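I have placed the structure first, in the form of structure tokens, so that the comments after it can refer back to it.
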Amino acid sequence: MKQIIAPSILSADFTNLEQDIKAAERGGADYFHIDVMDGHFVPNISYGPIMVKTMKKITDVPLDAHLMIENPDKYIPDFVKAGADLIIPHVEAPHDIYRSVQLINNLGVKAGIALNPGTPICCIEPLIEQIDAVLVMSVCPGFGGQSFQLESLRKVRKIRELLDDLKPSVHVAIDGGIKRQNVEEVQKAGANFFVMGSAVFGQEDIENTVRELKGVVENR
Ligand code: DX5
Ligand code: ZN
17 MKQIIAPSIL SADFTNLEQD IKAAERGGAD YFHIDVMDGH FVPNISYGPI
67 MVKTMKKITD VPLDAHLMIE NPDKYIPDFV KAGADLIIPH VEAPHDIYRS
117 VQLINNLGVK AGIALNPGTP ICCIEPLIEQ IDAVLVMSVC PGFGGQSFQL
167 ESLRKVRKIR ELLDDLKPSV HVAIDGGIKR QNVEEVQKAG ANFFVMGSAV
217 FGQEDIENTV RELKGVVENR
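Next up, the structure:
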């Protein structure tokens, strides 16, 4: 399966956004991860479709929009219009996730679903046929720079098994506290799509950090 490094721009330096993105791009970033927070679903506010639109002007690397928002259906068309390539709403948001996934698919974009650490795996089963990625949160969503929760390894393993049974092409993405030191363990558990914020943009040499991470996950 393709191994994907997806730097999360939440930790980028916004006064130098273009430089940071270009450095990660040169290092071989496969996706850029856009964390969208509404201050309701999570206790933090970040940015919306305008960031996707801005990123599209900077890079041709695909963009995934992680929607940590209560009402994704209202904004999904705007994210599609802005240029998101993969849109990932949360299963816990107070809405019908099946409807959101259908909406994303009908608009011609790839759909993923995100699961908080406390959410059981069973809820993804009815959705597997319609999705391209499952995003496992390995921290409580809302902030960058938190510590990886070890319990998520078991969840990654189980989800990979379930997907191998039902639709092997679906990516298992992991988000929260992923670093050079734990990326191999998470990969071994079955993840192939690694979202990394502070481990990429917190570093002095962004380009070589991404290059090294890509080397690690591709050579295992
Ligand atoms: C957390 C976000 C993450 C965050 C990851 O709510 O979903 O994507 O940017 O940051 P790190 O890699 O620093 O934990
Ligand atoms: Zn995220």
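Those letters in the sequence shown? Residues 17 to 236, per the working numbering, in order. Where a beta carbon is used, it is the ideal one built from N, C-alpha and C, also for glycine. None of these values were measured; they are calculated from a predicted model.
Query raised in the report: Do three or more CB pairs link the segment 211-226 to the segment 38-56 at distances below 8 Å?
Result: yes
Requested in this report: Under the assumption that Arg173 contacts Ala205 (Cβ atoms under 8 Å), give the Cβ distance between them as a whole number of angstroms.
Outcome: 5 Å
Query raised in the report: According to the Cβ coordinates, are Asn99 and Lys72 closer than 7 Å?
Result: The identity of residue 99 in the sequence shown is Gly, whereas the question assumes Asn. Yes, the Cβ-Cβ distance between Gly99 and Lys72 is below 7 Å.
Query - CB of Ser24 within 7 Å of CB of Gly213, strictly - result: yes
Report task. Give me the Cβ distance between Met84 and Val52, rounded to the nearest whole Å; I'm assuming they're in contact under 8 Å. Result -> 6 Å
Query raised in the report: Which class does Ala100 belong to by DSSP, given the choice of helix, strand or coil?
Result: coil
Query raised in the report: With contact counted as at least three CB pairs below 8 Å, one residue from each stretch, are the segment 136-154 and the segment 105-122 in contact?
Result: yes
Query raised in the report: If Asn60 sits next to Gly158, beta carbons under 8 Å apart, how far is it from one beta carbon to the other, in whole angstroms?
Result: 5 Å
Query raised in the report: Can you tell which of Glu234, Arg227 and Val233 has the C-alpha that lies nearest to the C-alpha of Ile39?
Result: First, the amino acid is wrong: residue 39 is Ala here, not Ile. Of Glu234, Arg227 and Val233, the residue nearest in Cα terms is Arg227.
Query raised in the report: In chain order, what residues of the same chain lie with their CB nearer than 6 Å to the CB of Asn132, ignoring the 5 residues before and after it?
Result: Glu108 and Met153
Requested in this report: For Gly160, count neighbouring Cβ atoms within 10 angstroms of its own Cβ and tell me buried if that reaches 16, exposed if not.
Outcome: buried
Query raised in the report: Is Val211 near the ligand DX5, judged by its Cβ being under 6 Å from some heavy atom?
Result: yes
Query raised in the report: Is the distance from the Cβ of Ala127 to the Cβ of Ile147 below 7 Å?
Result: yes
Requested in this report: Give a yes or no on whether the C-beta atoms belonging to Ile140 and Ile120 are separated by under 7 Å.
Outcome: no
Query - Between the CA atoms of Gly193 and Gly64 - distance to the nearest angstrom - result: 23 Å
**Report entry** Any non-hydrogen atom of the ligand DX5 closer than 6 Å to Leu83 Cβ
**Finding:** no
Query raised in the report: Is the beta carbon of Phe209 sitting closer than 7 Å to the one on Ile20?
Result: yes
Query raised in the report: Could you check where the alpha helix (DSSP H) with Met153 kicks off and where it finishes?
Result: Taken as a continuous stretch (DSSP letters only), Met153 belongs to no alpha helix (DSSP H), being part of the beta strand (DSSP E) at Ala149 to Met153.
Query raised in the report: Is Asp29 near the ligand ZN, in the sense that its beta carbon is under 6 Å from a heavy atom of that ligand?
Result: no
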